[in-house]
Structure formats: C-alpha cells, structure tokens
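Residue numbers (our numbering): 72 to 335.
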C-alpha cells in the first residue's frame with residue numbers, strides 16, 4: 072500500500088487526498104480478492120516508522136483508519152452476511168486508545184467469517200514482530216513454560232503467527248523495489264515477491280491479476296511450505312495456546328461489550 076503521497080504530489084493533490092484514494096483502493100482489493108478466489112490478504116496500513124511523520128499527517132491517517140473500520144462495521148455485506156474475517160496485527164501497546172475499542176469490536180464480530188481473511192498490519196514493522204516473538208520465547212523459558220531445547224525456528228515462526236494467518240505465498244509491493252519492513256519473517260522463505268511500478272492508488276484489478284499470474288509462473292522457484300513445518304511438541308503447543316489466549320484476552324479487554332471471544 073505504498074505511494075499515496077507521491078501519487079498526490081504527481082496529481083497536484085493535497086497529501087490527505089492521496090491517502091483517501093488509497094483507502095478507497097483497500098475497499099476494492101477485498102472485493103477483487105474475493106472474486107479471484109484469494110483466501111487471505113494482508114495489507115500494510117501503518118508502519119511504526121510512520122509516527123515520524125508530522126503530527127497532522129499521523130492524525131489524518133488515524134482518522135482514515137477509524138473511518139474505514141466504522142465503514143466495515145456498518146456494511147451489511149460484511150457484518151450480516153459474514154463475508155470477511157478482519158484481524159489487526161501490530162503492537163497494541165502503541166495503538167491510539169480511542170481506536171482500541173472499535174478494533175476489538177471488528178475482530179470480535181468478524182472472527183467466525185471464513186470466505187476471506189483480511190489482515191491489517193497496523194502500527195507494525197517486521198522487526199518489531201520478530202522482536203516480540205523472541206521476547207515471548209525468552210519469557211517462556213524464564214517462566215519454565217518452555218525448555219531452552221524447545222526453542223527453534225519453527226516455534227519462533229508460530230510465536231509470530233498467533234492470529235489465524237496462513238504462510239505468505241505472494242507479496243505485492245507497489246511504488247518501488249523495497250519491502251519497507253513488511254512481513255520480514257513471513258516473506259523470507261516461501262513467498263514470491265512482485266514489485267509493481269504503479270502507486271497504490273493506481274493499482275487496478277488487472278494489476279492484481281498480473282501479480283497472480285506472476286506468482287503462478289514463479290512459485291516453483293521458491294521452496295513450498297511443508298506440513299512438517301507445523302510439527303511441534305506438546306509443551307510447545309501448550310505454550311502457544313497460552314500466548315493465543317493471552318492475546319485474545321487483551322483484545323476482549325478492549326471490546327466495550329466484554330464478550331467471550333474464545334480461542335481458535
């Protein structure tokens with residue numbers, strides 16, 4: 072989702088108008104993905120590094136994200152007919168307090184939807200995600216919930232994927248040829264990476280189809296995810312379940328309705 076500001080400059084628009092164009096493209100990409108049979112989409116909504124921008128722009132971006140969540144919550148196609156499951160991945164400790172209740176509500180009300188999963192990487196960086204995963208494992212060893220011998224690449228991988236997320240197959244980057252710390256771990260091994268010249272507001276249905284065709288032509292070049300990668304011991308499994316319960320308890324605590332989420 073990169074290039075909103077550059078798009079605005081080239082179109083002689085205010086920066087916020089570029090972000091609004093980007094927001095409208097998010098609404099379309101979910102429809103296009105559903106039409107193409109895509110089961111899961113992860114969108115880079117806001118990087119932790121974006122806090123370095125001006126206070127005015129950060130506030131505008133937060134308002135747009137709030138508006139988008141409220142639009143989803145008010146959309147009968149999403150909420151009544153149960154099309155998409157929405158998950159917000161990122162550092163909850165850095166979320167604006169006024170956004171936490173509606174984020175929690177969105178996740179709670181859509182978590183049983185299965186046609187397509189939409190993940191928003193919000194207040195997120197790949198490095199922060201990896202650091203958090205390492206801290207989980209260190210705390211697990213310190214609290215004797217894990218043995219040091221339990222700690223391996225597979226367990227770290229799963230400690231990063233506490234939400235119901237699939238391995239990354241295709242990563243599409245618009246605007247330029249760099250990853251900007253997006254899904255650094257998840258895209259490092261099994262993903263096909265497709266760089267697109269157009270900015271995010273200009274990304275089209277045909278651009279999505281071209282990216283999917285690129286993936287189909289190149290997926291044999293990358294190692295495929297193996298079910299053997301999912302094997303972990305009983306103690307590690309119990310530890311991961313504990314982390315998931317803690318995560319969803321945190322979400323529940325921010326949901327003003329205080330419902331019982333459970334863990335899936």
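A virtual CB, placed ideally from N, CA and C, is assigned to each residue, including glycine.
This structure is a prediction, so every number in the text was calculated from the model and none was measured.
Quick one: give me the first and last residue of the alpha helix (DSSP H) that residue 101 is part of. The count along the chain shown starts at 1 and reaches residue 101 at position 30. Its alpha helix (DSSP H) spans residues 86-106.
DSSP on residue 210, reduced to helix/strand/coil? By 1-based counting over the chain shown, the position of residue 210 is 139. Here residue 210 sits in helix by DSSP.
Closest to residue 168 by C-alpha separation, out of 283, 157, 145 and 134, would be which residue? As a working note, residue 168 is residue 97 in the chain shown. Of 283, 157, 145 and 134, the residue nearest in Cα terms is 134.
So, helix, strand or coil for residue 166, using DSSP? Within the chain shown, numbered from 1, the residue matching residue 166 stands at position 95. Looking at residue 166 - three-state DSSP - the assignment turns out to be coil, as it is neither helix nor strand.
Assuming residue 128 contacts residue 86 (C-beta within less than 8 Å), just tell me the rounded distance between them. Translated into positions along the chain shown, residue 128 becomes position 57. Translated into positions along the chain shown, residue 86 becomes position 15. Indeed they touch by this definition, with Cβ atoms about 6 Å apart.
Have a look at residue 103 and residue 143 and give me their C-alpha separation to the nearest angstrom. Position 32 of the chain shown, counted from the start, is the residue given in the question as residue 103. Position 72 of the chain shown, counted from the start, is the residue given in the question as residue 143. Spanning the two alpha carbons is a distance of roughly 16 Å.
Per DSSP, residue 157 is paired with what? Position 86 of the chain shown, counted from the first residue, corresponds to residue 157. In the DSSP output, where bridge partners are listed per residue, residue 157 has 189.
Using C-beta distances below 6 Å, list every residue in its chain close to residue 246, excluding the 5 sequence neighbours before and after it, in chain order. Residue mapping note: residue 246 aligns to position 175 of the chain shown, counting from 1. Answer for residue 246: 73, 74 and 270, listed in chain order.
Stretch pair the region 229-237 + the region 197-206: three plus CB contacts closer than 8 Å: yes
Option nearest residue 177 by Cα separation, candidates 284, 139 and 94: Looking up residue 177 in the chain shown gives position 106. With distances taken between Cα atoms, residue 177 lies closest to 139.
With distances taken Cα to Cα, identify the nearest neighbour of residue 161 among 155, 170 and 153. Locating residue 161 in the chain shown gives position 90, counting from the first residue. Minimum Cα distance to residue 161 is reached at 170.
Return helix, strand or coil for residue 173, following the three-state DSSP convention. Translated into positions along the chain shown, residue 173 becomes position 102. Correct three-state label for residue 173: helix.
Quick check: the Cα distance between residue 77 and residue 89, rounded to an integer number of angstroms? Mapped onto the chain shown, residue 77 falls at position 6. Mapped onto the chain shown, residue 89 falls at position 18. Looking at the two C-alpha atoms, the distance is approximately 8 Å.
Which whole-angstrom value describes the C-beta separation of residue 107 and residue 283, a residue pair presumed to lie in contact below a C-beta threshold of 8 Å? By 1-based counting over the chain shown, the position of residue 107 is 36. By 1-based counting over the chain shown, the position of residue 283 is 212. Confirmed, Cβ separation roughly 6 Å.
Below 8 Å on the Cβ atoms is my contact criterion, and I expect residue 63 with residue 189 to pass it. Report the Cβ-Cβ distance as a whole number of Å. Lying before the first or after the last residue shown, residue 63 is absent from the chain, which here runs from 72 to 335.
Do residue 257 and residue 238 come within 8 Å of each other at the CB atom, strictly closer than that value? One-based indexing of the chain shown puts residue 238 at position 167. One-based indexing of the chain shown puts residue 257 at position 186. Yes, Cβ-Cβ distance for residue 238 and residue 257 is below 8 Å.
Which runs of the alpha helix (DSSP H), 4 residues or longer, sit entirely within the region 267-301? 276-289
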